[in-house]
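Q:
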Amino acid sequence: MRVLRRLFSRLVNFMANRRGDERLHEELEQHLAMQTEENLRAGMAPAEAHRQAVLKFGGAETIREQFHAEEGLPLIENLLQDVRYALRQLRKSSGFTMTALLTLALGIGANTAVFSIVYGVLFRPLPYPHPQQIVQLTESSPRGADEEDVTYQELQFLKQRISAFQFLAGYTVQGYNLGAGNKTERVKGLPVSADYFRVLGIKPLLGRDFLPEEDRGAGARVAILSYGTWKRQTGGDPEIIHRTITLDGEPFSVIGVMPPGLEATVDPILPGATDVWTPLALVARTAAQGENVAVLGRIRAGISFPQARAQVNGATTEFRETFPNELGPTTTLSIQSYRAMLSSDVRAILLVLFGAVGFVLLIACANVANLFLGRAAGRAREFAVRAALGASHNRLVRQLLTESILLSALAALLALLLARMGMQSLVSLSPSDLPRASEIHLDGWALAFTLALSVGTGILFGLVPAFRISSGEIYDKLGEVTARVSSGRRQRRLRSALVVSEVALSLVLLTGAVLLIETFWHVLSTDPGFNPSRVLSIEIYLSGSHYDSTSAVARYYDQAVQQVEALPGVQSAAVVADGIPLQRGLNMGVVVHGKYDWPTFGLRSIQADYFQTLRVPLVSGRAFTPADNEQAPHVVVISESAARMLFPGRNPQGELLHTAGLDWQVVGVSGDVKSYLDRPAQPTIYVPLAQMPFPLMRMLANWFATDIVVRSSADPLALSHSIEQQLQAIDPSIGIGHIRSMEQVRSAAVASRQFNMTLLSVFAGLALLLAAIGIYGVIAYSVTQRTHEIGVRMALGARREDVAGMVLKDVGVLVGIGLVAGIAASLLGAKILGSLLFGVKPRDPLTLAAASGVLLLTGLFAAWWPARRAARIEPMEALRNE
Amino acid sequence: MKQKKDVQQGTLALMVLKTLEVLGPLHGYGIARRIEQISGDLLFVNQGTLYPVLLRLEQEGAIASEWGPSENNRRARFYRLTRAGHKLLESEKRDWEQTAAIIARFFEVKAEELG
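Chains as they are written, first to last, in my numbering: chain W, 6 to 887; chain X, 2 to 116.
In structure tokens:
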């Protein structure tokens, strides 16, 4: 209480800048006067009486200082004084300040930008109540954890057996043609269990949630709209509840609208935000066949994550007995935090980038520390004088730290601006499937991070010169007449260490960047198995009740291809369902002679001209012809790798296989076509579109686009408008989705790798630039310091080449040591990059050599000017300047 | 000559409080004189050190001060004990007596008693 009261009155005095000087002065005067009178009464002479009074009182100045220290807050006053002084110092040496400021702002800004992305994507709690209780069902095996998709029956089983969950909900993904009024739009639908929104813990903005009875039996035709769809499709009509919309031509009653900002589910087939939710029971039977129900659960309050996981683990055995052939022998059921699952694909690269940008900051710090060291050497006399005048050693160190932290705080302000700009371009550069991209923004966490970073860096590089002061070196400076005597050995060693670590850090970054660049080129130059140039792909969605049989669908597509092929500039066209190349497509099991082969095969329904249009080579046998129609015998073409797998050592021609519920005869073998450039081609079965069983065709159309691919003689995108017109001339009700050239499809397939490569290259380039500046600074400074020595050498007969050689050799040695350290670090850290590489090993010696070469050249280049200046020193002048 | 002891701040503060309790409102010089008289000129190196202590006690709320006329009609700053000051003096006095009693017992103890 007393302490508080005292602090308060001190604070008030401090704020009001109130000083009791006058009061004290008057009190002292009176005190002395009274003492003097007393002395007079005791019989002293007037002069002596006054002298004794003063002596007895003590040093008035000391008392005043004590009084003043008691009155205000000397700590803060000193700090303010330090800050004022530091500002003056920084203003005085504006060149130094600008260089340090920019270097730091770049380093901190890049870190803040990447931090915001890393935090937003990986760590920000999901915008749901108690988000840590939301988990996704996974399967875990010795190879790791992966999302576990189950059937509708399996979901019901889990619901009954596992009590750790308050709510357990399944969801799957389905594309819809959504019609409201006279507008039709292709949207992402999410058939969900009635409990889905209770798992997430969100309530509708308008209307109500699904009722349990709407998700039973065949399911009710009700729908909940997303905020975006509601605004877009109905203009935010508040009377939307109980209105009817159509989904794929079927009427659905709208029962609710969800609030904005709902998390996008991560789905490789249909990425992006959900537009409409429907009851899972509606698609339960069809989805069950495809085993495509993902499961989310909310853990009951009071049950911990490990407890819940143990319970899910425990259900594995019974699950395996009830549903044989579902889980591999080493696989167990498990759960993962939903947040972690959402961003699991990008976790590795984001952390690598975060580490990389941290390295850049370290290098920036080394540079600024170097600058501070040089300046501290220049100010040695100033410090020596201040020390001699009684500034305590602590006070000097505090002064230096104040300057460095002030500088980094200013840099942090600048960095926030840079981060803002940088983040916008980063997010726009980032691949479209970056999860939770909408949650990336500069917020309190980013500000706190930046603040911590700036204080941390300020202390880091401020301590280096402060440490030198503590070592006592500085106090000798007062005795030195000039500052020309070369700086101490200790200081030289410190600077060398900074250069070495800069080189080592840069090498690690550079090696990583070069590895990613190599990976990118390997991926890009991989033969996808078809010729993507001058090919257009257009997504088509048929809807309406008149497409009620395979022949009706095939009839439309035959007509479409005919019309499109008649257009000028079109060489050939064909329709392919369930996935174009370089996109994820349909997977199916295949049975040959009763044997069920694992893993699954790709299955595509195609028209006759598909292979010819994409220039996929035919290895043997024949391609399809228009004669392979519904009435003709069922035939398939299989890819080379499928032929090797299904019929090893045999000619597959004429063999039978069973898939999609039918028996098929192999009539041809095609070349392999890739779905992912960086993975081996998936063995694939091609069936004639006209022979696909209709129920399966209809179900698959909910998940996968059907594309018409068109080979043109010129720029394919120029044709898109006329093709679209032709397609709609036949049936105006069809929906058109993405229109892309296959070159664009290929670019999209490498977009995330391109992002990784670009970012790491930028960071490596930044590191290289900073390292070059750092090396230049250190060498230039040392040449200045050694002017006298060099003059002596030259006077003794050293040639100019020798001097330049000496300087370059010094640099070479430093860079060499840095390279050795960097190579060691790269070899140690190689594993981190492993999963991100393709076609190149993480410890590729050639890459290391190339990166080292680049760094060595950079180092020598940076040292070139100082070396030249050293060589131009005039010995006589250098010596005369003694 | 024996060196005068510089009084520790806490002790000095306690003396100030006690002086004000016994004599009522007093100016700085008066307090200094009184403490000197009682301690027999042994305590102060410098009378001036009294003033920071007075300021501190005032900021803690133990004493209050105001200008007033002194005995020979000078303007002087008079200090007086507040209610909080009385309480503070009481508790400090108890602490001090306790400490003094403990120390005294330590000095009385003889070697054989510990044996």
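Glycine included, C-beta positions come from ideal geometry on N, C-alpha and C.
Tell me, please, whether the CB atom of G29 (chain X) is closer than 8 angstroms to any CB atom in chain W?
A: Cβ-Cβ to chain W under 8 angstroms: yes for G29 (chain X).
Q: Quick check on the burial criterion: 16 or more other C-beta atoms within 10 angstroms. Buried or exposed for Q790 (chain W)?
A: It counts as buried.
Q: Judging by CA-CA distance, which residue of W:F364, W:D448, W:G206 and W:T689 is the nearest neighbour of Y133 (chain W)?
A: Of the candidates W:F364, W:D448, W:G206 and W:T689, the one whose C-alpha sits nearest the C-alpha of Y133 (chain W) is W:G206.
Q: How many angstroms separate the CA atom of N73 (chain X) from the CA atom of E42 (chain W)?
A: About 11 angstroms.
Q: I'd like to confirm the pairing. Which residues does DSSP put opposite N592 (chain W) in its beta bridges?
A: For N592 (chain W), which the question treats as bridged, DSSP gives the partners W:G607.
Q: Looking only at its own chain, which residues have a Cβ that is under 6 angstroms from the Cβ of A292 (chain W), when we skip the five neighbours before and after it?
A: Since pLDDT at A292 (chain W) reaches only 48, below the 50 mark, its modelled position is unreliable, and the value read off the structure follows with that caveat. Answer for A292 (chain W): T177 and V298, listed in chain order.
Q: Does any residue of chain W have a CB that is nearer than 8 angstroms to the CB of K3 (chain X)?
A: Any reading at K3 (chain X) must be qualified, since the residue scores a pLDDT of 39, below 50, and its modelled position is unreliable; no value is offered.
Q: Can you give me the Cβ contacts of S731 (chain W) inside the same chain, cut-off strictly under 6 angstroms, excluding the 5 residues immediately before and after it?
A: One point to set straight first is that residue 731 (chain W) is Gln, not Ser, in the sequence displayed. Hits under 6 angstroms: Q568 and V569.
Q: Give the residues of chain W in contact with T50 (chain X), contact being defined as C-beta atoms less than 9 angstroms apart.
A: Going along chain W in sequence order, the residues near T50 (chain X) (Cβ under 9 angstroms) are G63, T67, I68 and Q71.
Q: Measure from the C-beta of L16 (chain W) to each C-beta in chain X and report whether the shortest distance is under 8 angstroms.
A: Cβ-Cβ to chain X under 8 angstroms: no for L16 (chain W).
Q: E75 (chain W) versus chain X: which residues are under 8 angstroms apart at the beta carbon?
A: Within 8 angstroms Cβ-Cβ: P53, L56, R57 and Q60.
Q: My understanding is that A169 (chain W) touches I368 (chain W), with C-beta atoms under 8 angstroms, so please give their C-beta distance in whole angstroms.
A: Not really, about 49 angstroms apart at Cβ, beyond 8 angstroms.
Q: My assumption, with CB atoms under 8 angstroms, is that D253 (chain W) sits in contact with V192 (chain W). Please give the rounded CB distance.
A: About 10 angstroms; that fails the 8 angstroms criterion.
Q: Check the C-beta distance from Y80 (chain X) over to S92 (chain X) and give it rounded, since I have them as a contact under 8 angstroms.
A: Contact doesn't hold; Cβ gap of about 20 angstroms is too wide.
Q: One question on the structure: do I340 (chain W) and Q138 (chain W) come within less than 8 angstroms of each other, judged by their Cβ atoms?
A: No. Outside cutoff.
Q: According to DSSP, is G138 (chain W) part of a helix, a strand, or is it coil?
A: In the sequence under discussion, the amino acid at residue 138 (chain W) is Gln, which differs from the Gly named in the question. Three-state DSSP puts Q138 (chain W) in a helix.
Q: Under 7 angstroms Cβ-Cβ, which residues of chain X neighbour E32 (chain W)?
A: Here the neighbours are G29, Y52 and R78.
Q: What does the Cβ neighbour count give for T100 (chain X), buried or exposed, with the cut at 16 atoms within 10 Å?
A: With fewer than 16 Cβ atoms within 10 Å of its Cβ, T100 (chain X) is classed as exposed.
Q: Below 7 angstroms CB to CB, which residues in the same chain sit around Q94 (chain W) once its five sequence neighbours on both sides are set aside?
A: So the qualifying residues of the chain are E408.
Q: Just the Cα atoms here: how many angstroms apart are R890 (chain W) and L9 (chain W)?
A: Since the first residue shown for chain W is 6 and the last is 887, residue 890 (chain W) is missing from the structure and cannot be characterised.
Q: Using a C-beta to C-beta distance shorter than 8 angstroms, which residues of chain W count as neighbours of R75 (chain X)?
A: Simply Q35, A38 and M39.
Q: Based on DSSP bridge pairs, tell me the residues matched to L667 (chain W).
A: W:T664.
Q: In the DSSP output, which residue or residues are listed as bridge partners for R46 (chain W)?
A: Per DSSP, none; premise fails for R46 (chain W).
Q: Can you pull the DSSP bridge partners for F257 (chain W)?
A: Partner(s): W:I250.
Q: For S348 (chain W), which residues from the same chain have a beta carbon less than 6 angstroms from its beta carbon, with the 5 sequence-adjacent residues on both sides left out?
A: So the qualifying residues of the chain are V126, L127 and P440.
Q: Can you tell me the Cα-Cα spacing of Y546 (chain W) and F172 (chain W), whole angstroms?
A: Going from the Cα of Y546 (chain W) to the Cα of F172 (chain W) covers about 35 angstroms.
Q: Output yes if chain X places a C-beta closer than 8 angstroms to the C-beta of L434 (chain W); else output no.
A: No, its Cβ sits nowhere closer than 8 angstroms to a Cβ of chain X.
Q: What is the C-beta distance between L55 (chain X) and G29 (chain X), in whole angstroms, given that I count them as a contact (C-beta under 8 angstroms)?
A: Right, their Cβ atoms sit about 6 angstroms apart.
Q: Could you spell out the range, first to last residue, of the alpha helix (DSSP H) harbouring F629 (chain W)?
A: No alpha helix (DSSP H) contains F629 (chain W), which DSSP labels as neither H nor E.
Q: May I have a chain-ordered list of the beta strand (DSSP E) segments no shorter than 3 residues that lie completely inside the stretch 673-729 of chain W?
A: 689-693 and 711-717, all fully within the stretch 673-729 of chain W.
Q: Answer with yes or no whether the minimum CB distance from R10 (chain W) to chain X is below 8 angstroms.
A: So, interface residue.
Q: Taking the C-alpha atoms as reference points, what is the distance between N182 (chain W) and T239 (chain W)?
A: The straight-line gap from Cα to Cα measures roughly 15 angstroms.
Q: Specify the secondary structure class of F328 (chain W) as computed by DSSP and reduced to three states.
A: Of the three classes helix, strand and coil, the one that applies to F328 (chain W) here is coil, per DSSP.
Q: Suppose only complete runs of 3+ residues qualify. What are the beta strand (DSSP E) ranges in the stretch 753-811 of chain W, listed by chain order?
A: For the stretch 753-811 of chain W, not a single whole beta strand (DSSP E) run of length 3 or above is found.
Q: Note down, in chain order, each residue of its chain lying with its Cβ closer than 6 angstroms to the Cβ of L629 (chain W), except the 5 sequence neighbours on either side.
A: Strictly speaking, residue 629 (chain W) in this sequence is Phe, with Leu absent from that position. Correct list, in chain order: A613 and P693.
Q: Under 8 angstroms between C-beta atoms, does R7 (chain W) make it to chain X?
A: Taking Cβ atoms only, chain X reaches closer than 8 angstroms to R7 (chain W), which makes this a yes.
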